[in-house]
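Residue numbers (the working numbering), protein chains in the order written: chain P, 8 to 119; chain Y, 22 to 158.
The beta carbon of each residue, even a glycine, is placed where N, CA and C say it ideally should be.
Nothing here was measured: the structure is a model prediction, and the numbers come from that model.
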Amino acid sequence: MTPPATTDDAAAGAVFTALADPTRRRIVRALAERDTVTASSLAGELPVSRQAVAKHLAALRAAGLAVAEPAGRETRYRLTPAPFTDAMAWMAHAGARWDDRLARLERRLAER
Amino acid sequence: MRLQEGLGAVRRERVLPADREATWELLADPGALEGWLADEVELEELAEGAEGVFRWRDGAERRVVVEEVEDARRLAFRWEDPRGDEPDTLVELTLDDHEDGTLLRVVELPLVVLHAYGAELPVAAGGAGGGPLLVAA
Numbered sequence: 008m009t010p011p012a013t014t015d016d017a018a019a020g021a022v023f024t025a026l027a028d029p030t031r032r033r034i035v036r037a038l039a040e041r042d043t044v045t046a047s048s049l050a051g052e053l054p055v056s057r058q059a060v061a062k063h064l065a066a067l068r069a070a071g072l073a074v075a076e077p078a079g080r081e082t083r084y085r086l087t088p089a090p091f092t093d094a095m096a097w098m099a100h101a102g103a104r105w106d107d108r109l110a111r112l113e114r115r116l117a118e119r
Numbered sequence: 022m023r024l025q026e027g028l029g030a031v032r033r034e035r036v037l038p039a040d041r042e043a044t045w046e047l048l049a050d051p052g053a054l055e056g057w058l059a060d061e062v063e064l065e066e067l068a069e070g071a072e073g074v075f076r077w078r079d080g081a082e083r084r085v086v087v088e089e090v091e092d093a094r095r096l097a098f099r100w101e102d103p104r105g106d107e108p109d110t111l112v113e114l115t116l117d118d119h120e121d122g123t124l125l126r127v128v129e130l131p132l133v134v135l136h137a138y139g140a141e142l143p144v145a146a147g148g149a150g151g152g153p154l155l156v157a158a
């Protein structure tokens, strides 16, 4: 029997939504490659405006995937990967339940 | 970390030891779903738009809405956790002939992801193409 679901599973949806956008995935990759990054430097390396980058960073922050840290006159962003773990845990949990169900289906068919 | 299209989709494939028609018999009838898909199935009929409740012995429960039924080929339904502990998801079960029986493909995708991808999903916009409702495996 698979373990019971936790409320973290509900948060998984927010993570998947945030990552459904290809630009946001590129931003996450960029964040993963260094400690912190500014919206301006991200806009310099991606084919989107600084405004668009700021909007995507806000979406990532809302999903708990990034935090903003004031540094002098600028704001630096850091990746906070814990929600990824929750999202992956939901996928593993849901997958394990399908493994159980399909094993039961296979047994039923074999018994016929 | 690998980020890719269809992120969040849980996928499973299994070759089942029966032909497609025999396998479909265990998918096409609410009574036949009981015992493998869920421990208790409360659903009057397996038809598009039908609503019901699936329950499991561990106390889990899902409200279910049947989205698509294609005879001996495909069953898709939405299910929701009334406790809100899990994301609402769309589940698609697809059957294909296989030399050793039937290939069953399962895709479970959080609805928020489906909405975020929107028209990018091949047939999320409708079944006109006859392809899978969810992203291809």
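- Taking Glu129(Y) as the centre and dropping the five residues before and after it, the same chain places the C-beta of Val31, Thr110 and Val112 closer than 6 Å to its C-beta, in chain order.
- The alpha helix (DSSP H) runs lying completely inside the stretch 43–79 of chain P and spanning 4 residues or more are 46–52 and 57–69, given in chain order.
- If the five residues before and after Leu114(Y) are omitted, its C-beta is found closer than 8 Å to the C-beta atoms of Leu48, Arg95, Leu96, Ala97, Leu125, Arg126 and Val127, all from its own chain and listed in chain order.
- Ranked by Cα distance from Arg57(P), the first of Ala103(P), Thr82(P) and Glu113(P) is Thr82(P).
- The Cβ atoms of Ala19(P) and Ala70(P) do not sit closer than 8 Å to each other.
- For Asp117(Y), the enclosing beta strand (DSSP E) has its first and last residue at Thr110 to His119.
- Interface criterion met: the Cβ of Glu129(Y) is under 8 Å from a Cβ in chain P.
- Nearest C-alpha to Ala46(P) among Arg114(P), Leu116(P) and Arg80(P): Arg80(P).
- The C-beta of Gly73(Y) has 16 or more other C-beta atoms within 10 Å across all chains shown, which makes the residue buried.
- The residues Gly73, Phe75, Phe98 and Trp100, in chain order, have a CB closer than 6 Å to that of Val85(Y) in the same chain once the five nearest residues on each side in sequence are set aside.
- Excluding the 5 residues flanking it on each side, Pro108(Y) has same chain C-beta neighbours closer than 6 Å at Pro131, in chain order.
- Segment contact: the stretch 34–48 of chain P against the stretch 60–77 of chain P, three or more CB-CB distances shorter than 8 Å; contact assigned.
- Here the alpha carbon of Phe23(P) sits roughly 30 Å from the alpha carbon of Glu61(Y).
- With contacts defined as CB atoms closer than 8 Å, Val36(Y) and His119(Y) qualify as a contacting pair.
- A residue is called buried when at least 16 other Cβ atoms come within 10 angstroms of its Cβ; Arg114(P) does not meet this threshold and is exposed.
- Contact annotation for Arg35(Y) against chain P: Leu109 and Glu113 [CB-CB distance below 7 Å, chain order].
- Spatial neighbours of Leu86(P) in its own chain (CB-CB distance under 8 Å, excluding positions within 5 residues in sequence) are listed in chain order as Val35, Leu38, Ala39, Leu72 and Ala73.
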